[in-house]
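Participant: Residue numbers (our numbering): 96 to 355. A virtual CB, placed ideally from N, CA and C, is assigned to each residue, including glycine. Okay, handing you the structure first.
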Amino acid sequence: MGPRGADALEAGLAAAWPGLRLERVDEVDSTSSELMRRARAGRLQPVLLVARRQTAGRGRMGRVWRSAEGASLTFSMALPLAPADWSGLSLAVGVAVAESLHGAIALKWPNDLWWQRRKLGGILVETAGTGGGAGAARCAVIGIGLNLAPVEPAEAAATASLRELMPAADAQSTLERVAPPLAGAMAQFERDGFGPFASRFAARDGLRGCDVVVRDGARVVLEGRACGVDRRGALLVHTSSGMETVSSYEVSVRPVALGD
Ligand code: BTN
């Protein structure tokens with residue numbers, strides 16, 4: 096990457112979120128773990144932390160997130176946020192990332208990036224801070240992992256890679272595409288909440304119309320047909336006993352036909 100690319104990225108970040116600075120490391124356990132440690136220690140400055148390698152990448156629900164240098168883009172963005180309503184934040188992140196990448200990328204509720212029903216990327220949203228209640232500022236740490244190429248050959252059939260869609264994609268060019276719009280979307284979310292993102296999520300909702308099983312760990316909570324999301328971003332599932340809403344972050348959803 097030439098200095099012009101780095102300068103342009105930094106300028107784009109600062110334009111989207113005043114004071115947002117870029118920090119690069121060769122190796123860290125997890126960009127999200129590092130920014131959560133800082134936030135818990137009271138360091139709440141907005142920062143985008145990009146790592147070439149993660150030694151202990153984390154996914155949702157305590158899963159491991161595997162990545163490899165050159166085959167993955169891994170970064171986290173820490174922003175002090177004080178929206179009136181936090182609901183739908185992780186869906187808004189997914190919308191922003193998908194829109195900045197490619198028109199063919201879908202979202203699998205709540206926020207997996209999907210292409211041809213294979214996982215292209217994952218999003219982990221965590222918050223830290225002392226504030227509580229409506230309008231209180233907390234630090235949101237938004238971790239993004241994107242597959243640029245298969246991380247392990249054995250996984251190539253089950254996961255998607257950005258280079259299938261965008262053959263020239265590399266970590267730097269992808270970061271430049273994704274990060275400034277993501278910061279801008281978070282400014283919009285803080286101001287206006289999930290509302291402006293709802294129709295944009297619907298346009299990329301990969302689960303809509305699919306038969307799904309909602310699980311809490313190994314326990315099946317409900318089965319039915321996914322019918323989009325409500326105005327707070329909760330998944331709507333039409334079951335044999337009526338419409339149910341699913342909002343828990345700990346629930347996993349799978350199209351029945353695809354199995355686990
Ligand atoms: C998921 O789909 O389960 C979420 C995966 C999130 C992975 C990213 S990679 C950058 C950041 N650091 C982490 O340890 N996790 C997130």
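#1: Under the three-state reduction of DSSP, which class applies to Pro141: helix, strand or coil?
#2: Quick one: is Gln211 buried, meaning 16 or more other Cβ sit within 10 Å of its Cβ, or exposed?
#3: Nearest-angstrom Cα distance between Ser268 and Ser335?
#4: From this set, Glu271, Met156 and Ala244, which residue's C-alpha is nearest Phe170's C-alpha?
#5: By DSSP's criteria, Phe170 is part of a beta bridge. Which residues make up the other side?
#6: Of all the options Met338, Leu144, Arg286 and Gly337, which has the alpha carbon lying nearest to the alpha carbon of Pro178?
#7: Quick one: give me the first and last residue of the beta strand (DSSP E) that Val123 is part of.
#8: Mind checking whether the beta-carbon of Gly238 lies closer than 6 Å to any heavy atom of the ligand BTN?
#9: With a threshold of 6 Å (Cβ to nearest heavy atom), would Gly152 be considered close to the ligand BTN?
#10: With a cut-off of 8 Å, do at least 3 Cβ pairs link the region 119-136 to the region 254-261?
#11: Which of the three DSSP states, helix, strand or coil, is assigned to Glu194?
#12: At 3 residues or longer, and completely inside the region 283-348: list those beta strand (DSSP E) runs for me, N to C.
#13: What is the C-beta distance between Ala255 and Leu215, in whole angstroms, given that I count them as a contact (C-beta under 8 Å)?
#14: Taking a contact to mean a Cβ-Cβ separation below 7 Å, would you say Leu104 touches Leu115 in this structure?
#15: Find the nearest neighbour of Ala297 within the set Gly312, Ala321, Pro175 and Arg119, judged by alpha-carbon distance.
#16: Given a cut-off of 7 Å on the beta-carbon distance, is the pair Ala244 and Ala166 in contact?
#17: In three-state terms, what does DSSP make of Pro262?
#18: Would the beta-carbon of Thr169 be found less than 6 Å away from any heavy atom of the ligand BTN?
#19: Excluding the 5 residues preceding and the 5 following Pro291 in the sequence, name in chain order all residues of the same chain whose CB lies nearer than 7 Å to its CB.
#20: With Arg135 as the anchor, note down where its alpha helix (DSSP H) starts and where it stops.
#21: With a CB to CB cut of under 7 Å and the five nearest residues on each side skipped, what residues in its chain are close to Leu353?
#22: Quick one: is the Cβ of Ser268 within less than 6 Å of any heavy atom of the ligand BTN?
Facilitator: A quick look at the data gives this:
#1: coil
#2: exposed
#3: 47 Å
#4: Glu271
#5: Answer by DSSP bridge pairing, in chain order: Val145 and Ile239.
#6: Arg286
#7: Arg116 to Val123
#8: Relative to the ligand BTN, Gly238 has its C-beta within less than 6 Å of a heavy atom.
#9: Distances between the C-beta of Gly152 and the heavy atoms of the ligand BTN include at least one below 6 Å.
#10: no
#11: Of the three classes helix, strand and coil, the one that applies to Glu194 here is helix, per DSSP.
#12: 306-311, 314-324, 330-334 and 337-341
#13: 4 Å
#14: No; because the gap between Cβ atoms is not below 7 Å, this pair is not in contact.
#15: Ala321
#16: yes
#17: coil
#18: yes
#19: Gln283
#20: Counting along the chain, the alpha helix (DSSP H) containing Arg135 begins and ends at Thr126 to Arg135.
#21: Bear in mind that the predicted position of Leu353 carries a pLDDT of just 46, short of 50, making it too unreliable to give a figure here.
#22: The answer is no for Ser268.
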